[in-house]
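Same order as they appear, the protein sequences are chains A and B.
The numbering of the first sequence is our numbering, which starts it at 253 and goes up by one.
The numbering of the second sequence is our numbering, which starts it at 253 and goes up by one.
Note that CB positions come from ideal geometry on N, CA and C, so glycine has one too.
Keep in mind that this is a model prediction, so the values were computed, not measured.
Down below is the structure, laid out as C-alpha cells.
There are 2 protein chains.
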Amino acid sequence: MTVAPLVTRLTAEAYPKVKKNPDYKVPDSADVEYFRSFLSEDEMIQSKISEELINFNQDWRKEYRGQSNLVLLPNSTEKVSKILKYCNDNKLAVVPQGGNTCLVGASVPVFDEIVLSLSNMNKVRDFDPVSGTFKCDAGVIMRDAHQFLNEHDHIFPLDLPSRNKCQVGGVVSTNAGGLNLLRYGSLHGNVLGLEVVLPNGQIVSSINSLRKNNTGYDLKQLFIGAEGTIGVITGVSILAAAKPKALNAVFIGIDNFDTAQELFVKAKGELSEILSAFEFMDRGSIEHTIEYLKGYEFPLTKQHEFYLLVETSGSNHEHDYQKLSSYLSSALKSNLATEGAIAKDRAEYDRIWTWRKSVPAACNSGIAQYQFDVSLPLKDLYTVPEAVIKRLKESNLVSNAPEPIIDCVSFGHVGDGNIHLCIAKTEYARSIEDTLERFVYEYLASKEGSISAEHGIGFHKKGCLHYSRSDIEISLMKDIKRHYDPNSILNPYKYI
Amino acid sequence: MTVAPLVTRLTAEAYPKVKKNPDYKVPDSADVEYFRSFLSEDEMIQSKISEELINFNQDWRKEYRGQSNLVLLPNSTEKVSKILKYCNDNKLAVVPQGGNTCLVGASVPVFDEIVLSLSNMNKVRDFDPVSGTFKCDAGVIMRDAHQFLNEHDHIFPLDLPSRNKCQVGGVVSTNAGGLNLLRYGSLHGNVLGLEVVLPNGQIVSSINSLRKNNTGYDLKQLFIGAEGTIGVITGVSILAAAKPKALNAVFIGIDNFDTAQELFVKAKGELSEILSAFEFMDRGSIEHTIEYLKGYEFPLTKQHEFYLLVETSGSNHEHDYQKLSSYLSSALKSNLATEGAIAKDRAEYDRIWTWRKSVPAACNSGIAQYQFDVSLPLKDLYTVPEAVIKRLKESNLVSNAPEPIIDCVSFGHVGDGNIHLCIAKTEYARSIEDTLERFVYEYLASKEGSISAEHGIGFHKKGCLHYSRSDIEISLMKDIKRHYDPNSILNPYKYI
C-alpha cells in the first residue's frame with residue numbers, strides 16, 4: 253500500500269484491467285424515486301457532483317476512489333431489507349459501508365455501486381450487566397460502544413486505532429483483530445448473535461444473547477469476516493468483558509527474535525491469566541519512532557535489536573505489578589532481556605504505550621510505503637522481513653539500484669503471530685508493489701502463513717487468495733458467495 | 253432422556269414413525285469387497301451378529317440402538333476420502349463416529365447405516381510450545397490430548413466428564429462446552445484449523461495454526477457443531493492454553509437465585525481474570541448428592557436453597573487464595589452468602605469439586621429421569637425449573653397424580669447461562685417425556701432460550717429446532733445441508 257497522494261485517483265483509472273460489469277443496472281431516476289418513497293431526507297444523499305460524496309467514495313487511506321452518486325443511510329433493519337430486495341430484483345450493485353476505515357478498499361465503490369451506509373442505525377439495543385451481553389445496531393461507533401460499556405464497568409472485547417470512526421457492524425464484518433485479541437480472543441468466539449439482511453431482503457434474526465446454543469449450524473460465523481459480500485449485518489450481540497481494574501506494562505530491549513519467543517513462553521507461564529499484550533518492534537521501527545516523537549522520553553537508555561511491550565491487565569494492581577516486576581527481574585538476571593523498564597504509574601504506562609502506538613504512524617511518515625499485514629506460525633514470524641531483505645538485496649532493489657528500497661522495518665503482535673512489515677522507498681510505483689507482494693506472499697505460502705492477518709481481502713488482495721488458500725478452499729468460498737448472493741449484487745469486484 | 257433399560261430397544265422399534273429411507277442402498281458383498289480392497293483387518297468390522305457390533309450401534313446412555321453390520325475404521329484421511337466418495341457415488345448412508353459419548357443419539361445408526369469410526373486416526377500431529385498450537389488426528393481421545401499437553405505445560409482448552417472416551421474430532425463436531433468455557437471460551441474461538449472430508453470425498457485441508465487469518469469466509473466454523481452432517485472432521489488444530497499453576501475453590505450456600513447473580517457480577521469484578529468456574533446447584537440436587545455420596549464430608553454445616561462453586565485458576569497460589577478469600581469474606585459480611593468454605597489445600601479443593609461433579613450421577617440414579625440441557629439469558633436462568641414445577645402442578649403431574657412426578661432438581665453453569673434440569677418419576681413413559689418437553693421448550697421459546705445448550709441436536713431433538721430457531725434460520729440450515737451433502741448420505745434421520 254502507498255502513502256496517500258493529495259488527490260486520490262479514481263480506482264477505475266488506476267486499475268484499468270478491472271472492468272465494470274455491464275450486467276449491473278445503472279441507478280436511474282426511477283430507482284431514486286423508489287428509495288425516496290420510504291427514506292427520509294437524512295437517509296439518502298444523491299448528487300451528480302462527486303465531491304459531495306467524496307467521504308463515501310474514498311477510502312480511509314485515500315488509495316481507492318469510486319464514483320457513486322447515491323448513498324442510502326436507512327435507519328432500520330426493515331429499510332435495509334427493502335433496499336436490498338429492490339436492488340436484488342433490479343440487479344443494482346451495492347457496497348455496504350460502516351465507518352469506512354477499511355485498509356484494503358472493501359468499503360468503497362469501485363464504479364457506481366450504491367453505497368449502503370449503516371451510520372443511521374446507531375442505537376444500543378440492550379445490555380445485561382450480569383452476563384455482560386451487549387446488543388446494538390451495526391452502525392454504533394466503536395468509541396461509543398466502549399464508552400457505554402465503560403459506564404457499566406465493562407469493556408468492548410476489542411479495540412482499534414480507528415475506534416473513533418469504525419462501527420461495530422463493520423468490525424464484525426471484517427473480523428477485526430486489534431490489540432486485545434491475545435486476552436479476549438477473536439470475534440468468532442465473542443460474537444453471540446447477529447441480525448443479518450440477505451441480498452434477497454430476508455432478515456435473519458439470530459441476535460440472541462446465549463453463550464451456549466447448540467441448535468444447528470452456526471451460520472452467523474459465515475458473516476464474521478465476509479466483508480459484506482453475502483449479507484449486511486444490521487445488529488450485533490457480543491460478550492463484553494468485565495473492565496480490568498489494574499493495568500501494568502513493561503518495555504524491554506533484547507538482542508534477537510529467538511529471545512522474544514523465549515520471553516513470550518515465560519510470560520505465558522508466569523503472567524498467565526493477566527497477560528494482555530505481547531508486542532514487538534524491531535530496531536528500525538523504533539529508530540523511525542524516535543525521530544517521529546522528537547525528544548519524547550524513551551523508556552530505555554540504550555538501543556537494542558528488538559523491543560518488547562508486555563502488558564498485564566487484572567483486578568489487583570499490587571499483585572500484578574509484583575508479578576510483572578519479578579518477570580522482568582528474572583528475564584534480566586537470566587540475560588534474556590538486555591534492558592527493561594517497568595511503568596511505575598499510569599503516566600509511565602501511557603508513555604510506554606505511546607511508543608508502541610506511534611510506531612505505525614512513524615513508519616508511514618515521509619516516504620512512500622509498502623505495507624504488509626501478515627501472519628505465520630510464531631517460530632517463523634521474524635523470518636519474513638529477513639527473507640524479504642535478502643531477496644530485495646539479491647534483486648538489486650536495495651540501496652543503489654535505480655528504484656532503491658531505503659528501508660524495511662517491522663513490528664507486530666507476538667501473541668497473535670501477526671507481523672506488520674513496512675518497506676520504504678523514495679518513490680511509489682505499482683510495479684515495485686507487485687514485485688514486493690510476490691516476494692512476500694510467495695514466502696508466506698512456503699511457510700503456511702496468511703497474506704492477511706487482520707485487515708482482510710477487499711479490493712486490494714482479491715487476486716492473492718491462492719497464496720494462503722488452496723484451490724478447493726477458494727472454490728468452496730465461491731460456492732458460498734453464489735449460494736447467498738446469486739445475482740452478485742453485494743460488494744462486487746472484491747473479496748472472492 | 254431416560255435411565256437406561258437393561259436392553260436397549262432398537263431405535264427402529266422404539267420410534268416406528270421414523271421410516272427407513274428406501275433411496276439408500278443396503279450395503280452388500282460388493283461394497284464390502286471394495287472396502288476390503290484398501291482397508292486392513294483392523295480397519296473394518298463386519299458381522300451379521302449384531303452383538304459383535306453393539307458398541308458401535310448403541311449410544312452412551314443406552315437410549316438408541318441401530319442395526320449396522322458394517323463398521324469402517326480407516327487410519328488415514330485419504331482412506332476416509334475414498335470411503336465417502338464411494339458411499340456418495342453409491343448412495344450408501346454413513347454415520348461418522350468418534351468416542352460415541354454423544355448424549356442426543358447423534359453418533360449411532362438409526363437403521364443399517366455404515367459406521368465410519370475415526371478411532372484409528374489417533375496421532376498427535378504437531379505441537380508448538382511457543383504459540384500453544386496443537387494439531388492432531390480427529391480420533392485422538394481427549395484424555396490423551398490432555399496428557400500430551402500436560403507434559404508440555406499446557407492444557408486442552410476444554411474438559412468433559414467423558415474425557416476417557418470422547419475424541420477430539422467428536423468434541424469439535426458437537427461443539428462441546430464443558431467446565432472451562434467461562435475461562436477459555438468456545439471452540440468457535442479456539443479451533444484454529446480443521447481438516448475435513450466432504451461427502452463427495454474432497455479433502456479440505458484448512459488445518460493451519462494461525463491465530464489470525466482473514467482470507468475469506470471462515471468455512472471451518474460450519475463444521476464445528478455440525479454433528480457430522482456435512483463433512484467428516486479428520487484433523488484439528490486448536491489453541492492450547494498455558495497450564496494454570498494455582499487452583500482455588502470456594503463452596504457457598506445462598507438463599508435465592510438472585511443472590512447467585514449478584515455474586516457472579518461480584519466475582520467477575522473482583523476475581524476477574526482468575527475466575528474459571530461459577531457453578532450452581534439447587535437444594536434438591538444437593539440432597540440427592542448427599543444421599544449418593546453417603547457420609548462423604550460436606551463442605552458446609554447447614555442446608556441452603558442454593559449452592560455455588562466458584563473456582564479460580566491462575567499463576568500465583570497465594571495471590572489467588574487471598575483474592576478468593578476476601579471475595580468470600582465480603583460476600584458473607586454483606587449477607588449475600590449465608591455460609592461458605594474455602595479450600596485450604598488440594599484435598600479440600602478436590603472434595604469441593606467432587607460435590608459438584610457427583611451431582612449429575614446423583615440426580616440420575618435410582619429413578620426414571622427426564623433431563624434437559626438448556627440455556628437462556630442469565631436473568632431468567634432459574635425461572636425454568638420454577639415455571640416447569642408450576643406447570644407440572646397445574647397439570648396434576650406432581651405427587652399424587654396417576655403418573656406422579658416425584659422431583660425436579662437442577663444445577664448448571666451460571667457463567668454460561670446453562671442449566672441442567674432433572675425431572676424424576678417413578679416410571680418412564682414416552683408420553684410423559686413428550687409432555688415435559690413441550691412444557692420446557694415452550695417456556696424456553698418464550699424467553700429466547702436454547703433447547704440445547706451444549707449436548708446438540710442429534711436424533712433426540714431433531715424435531716424441536718423450531719423452539720429455538722426461526723423458520724428462516726431452519727430453512728437456511730437445510731440449504732447448507734443440501735449444499736454440502738446433496739445425496740444426504742451423512743448422518744441421516746438426525747439434526748435437520
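Report the neighbours of residue i on chain B: residues whose CB is nearer than 8 angstroms to its CB, in chain order.
i	result
A/PHE663	None at all; the shortest Cβ gap to chain B is about 15 angstroms.
A/LEU742	Chain B residues near A/LEU742: none, gap ~13 angstroms exceeds 8 angstroms.
A/LEU717	THR467 and GLY468
A/GLN513	VAL382
If I follow the unbroken beta strand (DSSP E) through residue i, where does it start and stop?
i	result
B/SER457	455-458
B/GLN349	346-349
B/MET296	296-298
B/LEU742	Taken as a continuous stretch (DSSP letters only), B/LEU742 belongs to no beta strand (DSSP E), as it is neither H nor E.
B/GLU563	558-566
If you follow the alpha helix (DSSP H) that residue i is part of, which residue opens it and which one closes it?
i	result
B/ALA593	It is not in any alpha helix (DSSP H) - B/ALA593 instead sits in the beta strand (DSSP E) that spans 591-594.
B/PRO612	598-616
B/PHE711	B/PHE711 -> no alpha helix (DSSP H), and no H or E assigned at all.
A/ARG643	635-646
When the Cα of residue i is compared with those of the options, which residue comes out closest?
i	options	result
B/ASN587	B/GLU700, B/SER371, B/SER292 and B/THR511	B/THR511
B/LEU412	B/SER647, B/HIS406 and B/GLY422	B/GLY422
B/LEU370	B/LEU344, B/GLY710, B/VAL323 and B/HIS406	B/VAL323
B/THR486	B/LYS733, B/SER438 and B/ASN327	B/ASN327
A/ALA519	B/LEU561, B/PHE475, B/ALA478 and B/SER567	B/SER567
A/GLU293	A/ILE301, A/VAL284 and A/LYS300	A/VAL284
B/THR467	A/HIS707, A/GLN574 and A/LYS271	A/HIS707
A/PHE624	A/PHE516, A/LYS300, A/SER662 and A/LYS645	A/SER662
A/PRO279	A/LYS343, A/LYS497 and A/LYS314	A/LYS343
B/SER727	B/CYS354, B/ALA492, B/HIS569 and B/ILE748	B/ILE748
A/LYS277	A/TYR338, A/ASN508 and A/ASP632	A/TYR338
B/THR353	B/GLY441, B/LEU560, B/SER457 and B/GLU479	B/GLU479
Is the separation between the beta-carbon of residue i and that of residue j shorter than 7 angstroms?
i	j	result
B/PRO361	B/GLY318	yes
A/CYS660	A/GLN621	no
B/GLY453	B/LEU628	no
A/SER722	A/SER702	no
A/GLY437	B/GLY437	yes
B/SER489	B/ILE455	no
A/VAL392	A/ASN416	no
B/ASP752	B/LYS495	Coverage of chain B is limited to positions 253 through 748, which leaves residue 752 of chain B absent and any answer about it impossible.
B/HIS556	B/GLY505	yes
B/LEU552	B/ALA593	yes
B/ASP737	B/PRO274	no
B/ASN307	B/SER320	no
B/THR564	B/LEU523	yes
A/TYR573	A/ASN500	yes
B/VAL247	A/VAL367	Within the shown structure, residues of chain B are numbered from 253 to 748, placing residue 247 of chain B beyond reach of any answer.
Determine the chain A residues that contact residue i at a beta-carbon separation under 8 angstroms, and present them in chain order.
i	result
B/LYS520	GLY384 and ALA494
B/ASP405	GLY521
B/ARG478	Looking at the sequence shown, residue 478 of chain B is not Arg but Ala. Per Cβ cutoff of 8 angstroms: TYR469.
B/ILE393	Within 8 angstroms Cβ-Cβ: nothing; B/ILE393 doesn't reach chain A, min ~22 angstroms.
Since residue i meets chain B, which of its residues come closer than 7 angstroms, beta carbon to beta carbon?
i	result
A/GLU706	LYS464 and ASN466
A/HIS440	HIS440, GLY441, ASP470 and GLN473
A/ASP668	ARG463 and LYS464
A/ARG721	THR467 and GLY468
A/LEU728	VAL456 and LEU471
List, in chain order, every chain A residue whose beta-carbon is nearer than 7 angstroms to that of residue i.
i	result
B/PHE516	VAL382
For a contact defined as C-beta to C-beta under 9 angstroms, what are the partners of residue i on chain A?
i	result
B/HIS735	ASP731, ILE732 and HIS735
B/GLN310	What B/GLN310 touches in chain A: nothing, since even the nearest Cβ is about 22 angstroms away.
What are the residues of the stretch 601-630 of chain A that lie near chain B, defined by any Cβ-Cβ distance shorter than 8 angstroms? SER627, LEU628, PRO629 and LEU630
Mind checking the stretch 682-710 of chain A against chain B and listing, in chain order, the residues whose C-beta falls within less than 8 angstroms of any C-beta there? GLU700, GLY701, SER702, ILE703, SER704, ALA705, GLU706, HIS707, GLY708 and ILE709
Looking at chain A, which residues of the stretch 557-574 of chain B have a Cβ within less than 7 angstroms of any of its Cβ atoms? GLY566, SER567, ASN568 and HIS571
Give the residues from the stretch 445-460 of chain A that approach chain B closer than 8 angstroms (Cβ to any Cβ), ordered along the chain. GLN454, ILE455, VAL456, SER457, SER458 and ASN460
Using a Cβ-Cβ cutoff of 8 angstroms, what residues of the stretch 403-429 of chain A are near chain B? List them in chain order. ASP405, THR426, ASN427 and GLY429
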